[in-house]
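In the numbering used here, the protein residues as written are -8 to 320. Ideal placement from N, C-alpha and C gives every residue a C-beta, glycine not left out. This report refers to the structure that appears directly beneath it.
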Ligand SMILES: NC(=O)c1ccc[n+]([C@@H]2O[C@H](COP(=O)([O-])OP(=O)(O)OC[C@H]3O[C@@H](n4cnc5c(N)ncnc54)[C@H](O)[C@@H]3O)[C@@H](O)[C@H]2O)c1
Ligand SMILES: O=C(O)C[C@H](O)C(=O)O
């Protein structure tokens, strides 16, 4: 496709909270500043009226880059020819729930959407899953789309990555732009492992600079891993604007490339890297270029990190077992 052609971007759950932030940023050029965009918005039938209202608002912004908007509840129509599918639509958790509690409620959405993408998406499609439990939903969609290369599926851990950068910046007094090579390993859940041992602050190793293992274990890791729950407690509903922002960060870097001197966190299918069981969609440090990601290899993993990566990937293996038993994959 030539760069003058609109990028066709599907968003599911478009009438939801995240959708309300995401659509306006997509349409205003946050994904591709010089490329027209066509939005394909999928919702369940009862939410289509609300979605019509959101489309009126999109119209009213007169966004120069917005080349068209289509809405509907038929996934095969909405996904037809899409270059990017952002799968956001799923029920959020409430207070006291873990994201894994949503497996049976949300899993079935991703079998149907995986099949529809398999049937009608563009050959170059990339699929980013934000709806929770994101890693296992991405696994379900990937397994139900056998003709789409497995590398085209990713689950969102960029929000966790951004949260970790923000916490480290606050601790060290650095700017967020001074922080590089942050990594989130594992599941987008409370078992995730935000890793400071490879992160850098102005080129200096972050764990050494902080020099405070008690803060790292007792403050930094739980604050990042439980941030979603803290926001639910404070706001009464789950993170939305920050989730939309991270969804765009992740898609932009995937499609158009990440910085040469840095890496980002993406949950992608494992080929056994860092002893993460093959076939799980687990978060890794990745670089991106030309629409492809590659896992940063060769990092030394000490016993502390190993135990945390293993705990989170064990949870992912349990989730895979659960959705296998539910007949979703
Ligand atoms: N990975 C992350 O970092 C991250 C961050 C925040 C939220 N989330 C998750 O994103 C999801 C959406 O959150 P939200 O706050 O926007 O929720 P929301 O309830 O406000 O919106 C979800 C929307 O999805 C729609 N939907 C339900 N089933 C659908 C289907 N089959 N097809 C299309 N649309 C469908 C609903 O009608 C609703 O409008 C939740 O699962 C939430 O937990 C993930
Ligand atoms: O925590 C949640 O349930 C929502 C989201 O996954 C988040 O991390 O904010």
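Residue i - containing alpha helix (DSSP H), residue span
| i | result |
| --- | --- |
| residue 3 | Segment -2 to 3 is the beta strand (DSSP E) holding residue 3; no alpha helix (DSSP H) there. |
| residue 299 | 294 to 316 |
| residue 55 | Run containing residue 55: none; DSSP gives neither H nor E here. |
| residue 236 | 232 to 247 |
| residue 213 | 212 to 216 |
| residue 154 | 149 to 163 |
| residue 322 | Examination of residue 322 is not possible in this model, given that the chain is present from -8 through 320 alone. |
| residue 331 | Nothing in the structure corresponds to residue 331, since the chain is present only between -8 and 320. |
| residue 201 | 197 to 201 |
Proximity of residue i and residue j at Cβ, strictly below 9 Å
| i | j | result |
| --- | --- | --- |
| residue 229 | residue 12 | no |
| residue 274 | residue 257 | yes |
| residue 261 | residue 184 | no |
| residue 34 | residue 62 | yes |
| residue 207 | residue 179 | no |
| residue 388 | residue 220 | In this structure the chain extends from -8 to 320, so residue 388 is not present and cannot be described. |
| residue 18 | residue 54 | yes |
Residue from the options whose Cα sits closest to the Cα of residue i
| i | options | result |
| --- | --- | --- |
| residue 82 | 89, 93, 72 | 93 |
| residue 202 | 159, 292, 8, 166 | 159 |
| residue 227 | 186, 8, 301 | 8 |
| residue 116 | 288, 174, 283 | 283 |
| residue 162 | 47, 187, 148 | 187 |
Whole-angstrom C-beta distance between residue j and residue i, which should lie under 8 Å
| i | j | result |
| --- | --- | --- |
| residue 112 | residue 70 | 5 Å |
| residue 268 | residue 304 | 6 Å |
| residue 32 | residue 5 | 4 Å |
| residue 109 | residue 65 | About 15 Å; that fails the 8 Å criterion. |
| residue 56 | residue 10 | Wrong, their Cβ atoms sit about 18 Å apart, outside the cutoff. |
| residue 102 | residue 135 | 5 Å |
Run of the beta strand (DSSP E) containing residue i, from where it starts to where it stops
| i | result |
| --- | --- |
| residue 103 | Element bounds for residue 103: not the beta strand (DSSP E) but the alpha helix (DSSP H), 94 to 111. |
| residue 174 | 174 to 176 |
| residue 10 | First-last for residue 10: 8 to 18, but that is the alpha helix (DSSP H), not the beta strand (DSSP E). |
| residue 78 | 75 to 78 |
| residue 257 | 255 to 260 |
| residue 29 | 28 to 33 |
Own chain, CB closer than 8 Å to residue i, minus 5 neighbours either side, in chain order
| i | result |
| --- | --- |
| residue 191 | 170, 171, 172, 197 |
| residue 98 | 127, 128, 131, 314, 317, 319 |
Same chain, Cβ closer than 7 Å to residue i, neighbours up to 5 away in sequence not counted
| i | result |
| --- | --- |
| residue 181 | 89, 216, 217 |
| residue 242 | 22, 75, 77, 119 |
| residue 154 | 215, 218 |
| residue 249 | 255, 278, 279 |
Beta-carbon proximity list for residue i, same chain, < 6 Å, skipping 5 on both sides
| i | result |
| --- | --- |
| residue 96 | 82 |
| residue 302 | 182 |
| residue -7 | Confidence at residue -7 is low in this model, with a pLDDT of 46, below 50, so its placement is unreliable and no value can be given for it. |
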